[in-house]
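Chains as they are written, first to last, in the working numbering: chain B, 1 to 639; chain F, 1001 to 1225; chain Z, 2001 to 2249.
Note that the Cβ used here is the ideal one computed from N, Cα and C, for glycine as well.
Note that this is a predicted model, so its numbers are computed, not measured.
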Amino acid sequence: MNKLDAKIPEGPLAEKWNQYKAAMKLVSPNNKKKLDIIVVGTGISGAPAAATLAELGYNVKSFCYQDTPRRAHSVAAQGGINAAKNYKNDGDSVYRLFYDMIKGGDYRAREANVYRAAEVSNAIIDQLTAQGVPFAREYGGTLANRTFGGVQVSRTFYAQGQTGQQVLLGGYSALKRQVAKGKVKMFSRRQMLDIVVVDGKARGIITRNLVTGEIERHVAHAVVLATGGYGTIYYLSTLAVNSNGSAAWQAYKKGAFFGNPSFVQIHPTCIPVLNEYQSKLTLMSESLRNDGRIWVPKAKGDKRNPNDIPDEERDYYLERRYPAFGNLVPRDVAARAAKERCDSGYGVGKTGLAVYLDFRDAVQKQGKKVIKGKYGNLFELYEKITGESPYETPMMIYPAGHYTMGGLWVDYNLMTTIPGLFAIGEANFSDHGANRLGASSLMQGAGDGYFILPNTISNYLADEIRTKLPSTDAQEFVDAENAAVERLNKFLNINGKQTVKSFHKRLGNIMWDYCGMKRNEEGLKKALKMIDDLQKEFWRDVKIPGKLDEINQELEKASRVADFFELAKLMVNDALNRKESCGAHFREESQTEGGEAQRIDDQYSYVAAWEYQGDDKPPKLHKEMLKFENVEVKVRSYK
Amino acid sequence: MSRFFTSSIGQKFFMSITGIFLMLFLLVHLSVNSLLLVGDGELFNVAANFMGSNFIMKIIEPILALGLILHIFYATYITLKNQKARPQNYQVMNRSKADWAAKNMFILGGLILIFLVIHLGNFFWHVKFGTVDPISYNGGKEIHDLYSLVSGLFINWWWYDVIYILGAVFLFLHLTHGFWSAFQTLGWNNDKWIKRLKVIAYIYAIIIAGGFATIPAYFLIKYVV
Amino acid sequence: MKIKLRVWRQENSKAKGKFVKYELDGVDPEMSFLEMLDALNEKLIKEDKDPVAFENDCREGICGSCGLYINGYPHGKGNKIATCQLHMRVFKDGDTITIEPWRSQGFPVLKDLIVDRNAFDKIMSAGGFVSIDAGQAPDANSIWVPKENADKAFDAAACIGCGACVAACKNSSAMLFVAAKVSQLALLPQGKAEAKRRALNMVAKMDELGFGSCTNTGACEAECPKGISIENIARLNREYLSASFSEPE
């Protein structure tokens, strides 16, 4: 039996969402007061979801691991947020935004969900503006837009290079308003340890208070996970160092299917690794590629100062390989090309794992002042980190793990395969297929939180009004807590010799080398074995100091890394299963003669949803076949 | 409105308006005193006696005293409260960039207060409760010979000259911050005006403190050195 | 590079803390300050000692988690940086670095260098929002905002809530934090309806939580990682005074 029913409403694409809303079941205001909802995560999806549900009248409990919801990593998104407002009168429309996302995702996303994301995009901009989010404006007072990679219209709204921060703070302020009203109860500094399923439905979570170490049980009529992506599995990534995949992983182990786990976006322009203690890779906005030229020396191991290398000895490899798009090829293509050059021995910098992004020509042609106007704050950020000025020396950049298109499988209701458990934002496998377009993550996350989930959850809760909530003393809660405590104690009792960080780093290296930008069968199989060995070593030799009932940051990290070992294996299995290349997933066995990604539509036009079968058994694959009724499936080419 | 008086901004508001009031007084005070430097003292005596006997000044005098007391009271209260806001201090002293005077307003205020007590003892006390030699110009009404009182002090006791000059220095520092800070607290400030106000603050502080310091210096140089 | 460290260690909020000295060898000038602390912790764990607890997350100066008082400077010496953006190249071989937590009545120490900044959340709940439910908003372009105001609102809104302003202020005043939010919303037409109530309530909450008052020293502006100007404090004063004189209790 196929357990996967995406529950896509009937009717024409453009009518589905309206018809759904017209037909969905409602909960009356009186009854909403009697329903409790848990929302885990307070980013650009979780904070608006918690606030909006509270506005509607539900009792919400909101959780985050940070000291305050405002620090969720959505805060770091730079570029902008897309909407099909067509304020520029340049021919944009909901359909065009939908089409760009489907194509950008290399035809591996669900049409109905993507269309709905595009449809609600306009309302998000209205909502955020009304909240006081200071988007960039024209002198006339109207909102400004800019263009982003991979599209031909200007539809990106932005607040300098800090759009994510401003959009997040809008949601945060809405959340704080509900906290003041007593409709949201805030639980910060909590780590979610497990999901509690009672009678087949998600009924609560187990958390650890990160200050006191106390283990807590929370019960509700529904649980919403808005816990973001798992890009830190690579150890070095553009994510916050504490970002993790544990909540989604616990859901998976309780029966929620995991969709397309191997689809990870590698961002091509990040500041490269500078030393062996490096903990984080900082993103440099995609917009830099508008004026910067990417190159490496023609000679291997050329250690000269880049400014001393004459033009004829430089290889502008993107311009050489992709004359039509040049330096502006999409993220996945640019990232792979950089890796190819470095792997072939042409990389620059101390480690040889970097390429130049050079503004010499742009400064000469347009003048320093113009370049400063466009990229001043980014150049400043770069200089703060590296101590070098991009006006004088070429920037060094290298790809880094960034965004996970994969995540918990959800149906049209954003509900996972566990009834009552919802996943929104980056935590779900979402609307981005195999590759995400710039400025669409804020859009999807906010759309889920403000406008989609608050509707679809009522469709579920309408049948829950009469259900009596289980007590937190119910056996399921006791068992979940005991298991969680047992696991934490196990960490503390290993008392080995190596630190969590050293294991995380090694795991990251394996994933980066074998399940990163390029994958092949041999490497993936090797990786499986290596992860397995490392995981065993971890459980034998990791050292966690301190106690359970205090602030214990090593213990927090340990449980995240322990989950990453398991998730890593699922990612590798997914990558092994998908023998085609599509979007960010590049299987070396499936490429064109020119070395470009080759999709195999007749075999892999599906979402791979994995079901947990137990620690010792391989996961079970379920396929959600993708139907494209409103777009023509084409080959992406940038030559 | 009631919580305004107890709010942090409300308390600062009173610091600000009493401060502005005292700064206005200093201007008047200096303009009268500057007459000490002109001629043989007749002008000063006439002006000072006018100020001392004038009906309006009789009303303003207690208001001035009240303004000063409020300024001191709120300064003390706010300072104590602010110290409580950091129960445990840093081991390494804060080195953040900030005006030295701004960080030491209370100390400067205290030094000025000590000076003020001496100053009042020297002159105000004599005028109100002691004896001041009378003088009459061109057969007119007898008035206090305040000029002799002042010049006598500055000529006969050189250390008073030093004390008065020091007092002016403390006042200068206090005013360099107090002037623009008063406007900031009232909300009359922005990024453009903050630079201008700081310049005006220095000009005002130089005029006031320089003016007051000139008087003992004048007597010191003219009669003592 | 070899570095000597004096770090504030405190087991929990009730314990009495003390400074502990450490020496760290092999510090790379390219390391960020937090990566140097990572290295120290790796060493401590291997030596069977308790690692130093400090908060951090995004490590790119935007989340506001990190905040250490380093050699007398909140976030260390440097212009417009958070602690995570401080790099070891600004120190010399053999330097002694003293690291302390933020000190304020409003920010009690939880462990070592971690303080509780929940007070900021409480202040935000007192009025740092526009009361608009999802779905009520008019078309975004129906609200026109002059570019100058939008830009100024953005500059104020750039606050990352790290608390360096409180840490730097000799009065440990939270005025710059409150002023940034009040200013942002006072500059925009969307925030006007609640402007008075917002200023009154946020200041009242700030006072209640034990922060000192602003004496205009400007240390907050000097240490703010986002360079938020004290002109916002002037605007808050303006808003507050006008609200006090017109708004009935």
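Count the C-beta pairs between the stretch 301-308 of chain B and the stretch 2073-2080 of chain Z that are closer than 8 angstroms, then say yes if the count reaches three, no if not.
The stretch 301-308 of chain B vs the stretch 2073-2080 of chain Z: no contact.
What residue range does the alpha helix (DSSP H) around F/L1146 cover?
In the second sequence, counting from the first residue as 1, residue 1146 of chain F sits at position 146. Start and end: L1146 to N1156.
Three-state secondary structure (DSSP) at B/R208?
Translated into the one-based positions of the first sequence, residue 208 of chain B becomes position 208. B/R208: strand per DSSP, three-state reduction.
Measure from the alpha carbon of B/E15 to the alpha carbon of each residue in B/L35, B/A112 and B/K201, then state which is nearest.
Residue numbering aside, residue 15 of chain B sits at position 15 when the first sequence is read from its first letter. Of the candidates B/L35, B/A112 and B/K201, the one whose C-alpha sits nearest the C-alpha of B/E15 is B/A112.
Just how far apart, CA to CA, sit Z/A2119 and B/N573?
Here residue 2119 of chain Z is taken as the residue at index 119 of the third sequence, counted from 1. Here residue 573 of chain B is taken as the residue at index 573 of the first sequence, counted from 1. When rounded, the distance between both Cα atoms is 46 angstroms.
For B/H73 and chain Z, any beta-carbon pair shorter than 8 angstroms?
Walking along the first sequence from the start, residue 73 of chain B turns up at place 73. Interface residue, yes.
Do we get a CB-CB distance below 8 angstroms when we pair Z/L2241 with the residues of chain F?
If you number the third sequence from 1, residue 2241 of chain Z lands on position 241. Yes, its Cβ sits closer than 8 angstroms to a Cβ of chain F.
Taking 6 angstroms as the limit between beta carbons, can you name the residues of its chain near Z/M2031, skipping five residues before and five after?
For the purposes of this step, residue 2031 of chain Z is taken as residue 31 along the third sequence, with counting starting at 1. Here the set comprises M2088.
Rounded to whole angstroms, what is the Cα-Cα separation between B/A354 and B/V151?
By one-based count along the first sequence, residue 354 of chain B stands at place 354. By one-based count along the first sequence, residue 151 of chain B stands at place 151. Looking at the two C-alpha atoms, the distance is approximately 27 angstroms.
Would you report the Cα separation of Z/E2055 and Z/D2028, rounded to the nearest angstrom?
Locating residue 2055 of chain Z in the third sequence gives position 55, where the first residue counts as 1. Locating residue 2028 of chain Z in the third sequence gives position 28, where the first residue counts as 1. So the alpha carbons of these two residues sit roughly 22 angstroms apart.
Could you name the residues of chain Z that F/A1000 contacts, counting a contact when the two beta carbons are closer than 8 angstroms?
Limits of chain F in this structure are 1001 at one end and 1225 at the other, which puts residue 1000 of chain F out of reach.
By how many angstroms is the C-alpha of Z/I2230 removed from the C-alpha of Z/L2185?
In the third sequence, residue 2185 of chain Z corresponds to position 185, counting from 1. In the third sequence, residue 2230 of chain Z corresponds to position 230, counting from 1. Taking the straight line from one Cα to the other gives about 16 angstroms.
Please determine, among B/R336, B/A337 and B/L274, the residue with the shortest C-alpha to C-alpha distance to B/K350.
Residue numbering aside, residue 350 of chain B sits at position 350 when the first sequence is read from its first letter. Of the listed residues, the one whose Cα sits closest to B/K350 is B/L274.
Using only CA atoms, which one of F/T1079, F/W1125, F/Y1160 and F/L1037 lies nearest to F/K1103?
Numbered from its first residue, the second sequence carries residue 1103 of chain F at position 103. Looking at the Cα atoms, F/T1079 is the closest of the given residues.
Of the residues that make up the stretch 116-136 of chain B, which ones have a beta carbon closer than 9 angstroms to any beta carbon in chain Z?
Of all residues in the stretch 116-136 of chain B, N122, A123, I125, D126, Q127, L128, T129, A130, Q131, G132, V133, P134, F135 and A136 have a Cβ within less than 9 angstroms of some Cβ in chain Z.
Since Z/M2202 meets chain B, which of its residues come closer than 7 angstroms, beta carbon to beta carbon?
One-based indexing of the third sequence puts residue 2202 of chain Z at position 202. Residues of chain B passing the Cβ test: none, with the nearest at roughly 11 angstroms.
Helix, strand or coil: which one does DSSP assign to B/G401?
One-based indexing of the first sequence puts residue 401 of chain B at position 401. The answer is strand: DSSP assigns B/G401 an E or B state.
With a cut-off of 8 angstroms, does the C-beta of Z/F2154 fall near any C-beta of chain B?
For the purposes of this step, residue 2154 of chain Z is taken as residue 154 along the third sequence, with counting starting at 1. Closer than 8 angstroms to some Cβ of chain B, the Cβ of Z/F2154 qualifies, so yes.
Where does B/M1 sit, in a helix, a strand or coil, going by DSSP?
Taking the first sequence and counting its residues from 1, one reaches residue 1 of chain B at position 1. With a pLDDT of only 43 at B/M1, under the threshold of 50, the placement of this residue in the model should not be trusted; the figure read from the coordinates follows. B/M1 falls in the coil class under three-state DSSP.
Just to confirm, is the Cβ distance from F/L1149 to F/F1123 under 8 angstroms?
Position 149 of the second sequence, counted from the start, is the residue given in the question as residue 1149 of chain F. Position 123 of the second sequence, counted from the start, is the residue given in the question as residue 1123 of chain F. Yes, they are a contact pair.
Three Cβ pairs or more, each shorter than 8 angstroms: is that satisfied between the stretch 2142-2160 of chain Z and the stretch 2106-2121 of chain Z?
Judged by Cβ distances under 8 angstroms, the stretch 2142-2160 of chain Z makes no contact with the stretch 2106-2121 of chain Z, as fewer than three pairs qualify.
To the nearest angstrom, report how far apart B/D36 and B/A362 are at their CA atoms.
Counted from its first residue, the first sequence places residue 36 of chain B at position 36. Counted from its first residue, the first sequence places residue 362 of chain B at position 362. Rounded to whole angstroms, B/D36 to B/A362 spans 56 angstroms at the Cα level.
With a threshold of 8 angstroms between beta carbons, is Z/T2217 in contact with chain C?
Any reference to chain C falls outside this structure, whose protein chains are B, F and Z.
Which whole-angstrom value describes the C-beta separation of B/Y356 and B/P394, a residue pair presumed to lie in contact below a C-beta threshold of 8 angstroms?
Position 356 of the first sequence, counted from the first residue, corresponds to residue 356 of chain B. Position 394 of the first sequence, counted from the first residue, corresponds to residue 394 of chain B. That pair is a contact at about 4 angstroms.
Please compile the residues from chain F whose C-beta is within a distance smaller than 8 angstroms of the C-beta of Z/P2074.
For the purposes of this step, residue 2074 of chain Z is taken as the residue at position 74 of the third sequence. In chain order: S1096.
Compare the C-beta of B/T42 with all C-beta atoms of chain Z and state if any pair is closer than 8 angstroms.
As a position in the first sequence, residue 42 of chain B is number 42, starting the count at 1. No, its Cβ sits nowhere closer than 8 angstroms to a Cβ of chain Z.
What number of angstroms, rounded off, separates the C-alpha of B/E632 from the C-alpha of B/D106?
Stepping through the first sequence from its first residue, residue 632 of chain B is reached at position 632. Stepping through the first sequence from its first residue, residue 106 of chain B is reached at position 106. Computed Cα separation, rounded: 12 angstroms.
For the beta strand (DSSP E) that contains B/N59, what are its first and last residues?
As a first step, residue 59 of chain B is located in the first sequence; it is residue number 59 there, counting from the start. Segment N59 to F63, the beta strand (DSSP E) holding B/N59.
Residues of chain F with CB under 9 angstroms from Z/F2177, in chain order?
Along the third sequence, one-based indexing puts residue 2177 of chain Z at 177. Here the premise fails: no neighbours, minimum Cβ distance about 13 angstroms.
On the three-pair Cβ rule with 8 angstroms, is the stretch 94-104 of chain B touching the stretch 428-441 of chain B?
Yes, the stretch 94-104 of chain B touches the stretch 428-441 of chain B.
What whole-angstrom Cβ distance do B/G170 and B/L143 have, given they're in contact under 8 angstroms?
Translated into the one-based positions of the first sequence, residue 170 of chain B becomes position 170. Translated into the one-based positions of the first sequence, residue 143 of chain B becomes position 143. That belief does not hold up - the Cβ atoms of B/G170 and B/L143 are roughly 14 angstroms apart, past 8 angstroms.
Counting only beta-carbon atoms, is B/G105 nearer than 8 angstroms to chain Z?
Counted from its first residue, the first sequence places residue 105 of chain B at position 105. Answer no: the Cβ-Cβ gap between B/G105 and chain Z never drops below 8 angstroms.
Closest Cβ-Cβ distance between F/P1216 and chain Z: below 8 angstroms?
Here residue 1216 of chain F corresponds to residue number 216 of the second sequence, with the count starting at 1. Judged by the 8 angstroms Cβ criterion, F/P1216 is not in contact with chain Z.
Mind listing which residues of the stretch 178-203 of chain B have their C-beta closer than 7 angstroms to chain Z's C-betas, in chain order?
From the stretch 178-203 of chain B, only V179 and A180 have a Cβ closer than 7 angstroms to chain Z.
I need the straight-line Cα distance from B/D616 to Z/D2048, nearest angstrom please.
For this step, residue 616 of chain B is matched to residue 616 along the first sequence. For this step, residue 2048 of chain Z is matched to residue 48 along the third sequence. Near 34 angstroms, if we compare the C-alpha coordinates of Z/D2048 and B/D616.
Would a C-beta distance cut-off of 8 angstroms place F/T1176 and F/L1037 closer than the cut-off?
Residue 1176 of chain F sits at position 176 when you count from the first residue of the second sequence. Residue 1037 of chain F sits at position 37 when you count from the first residue of the second sequence. The answer is no: Cβ separation not under 8 angstroms.
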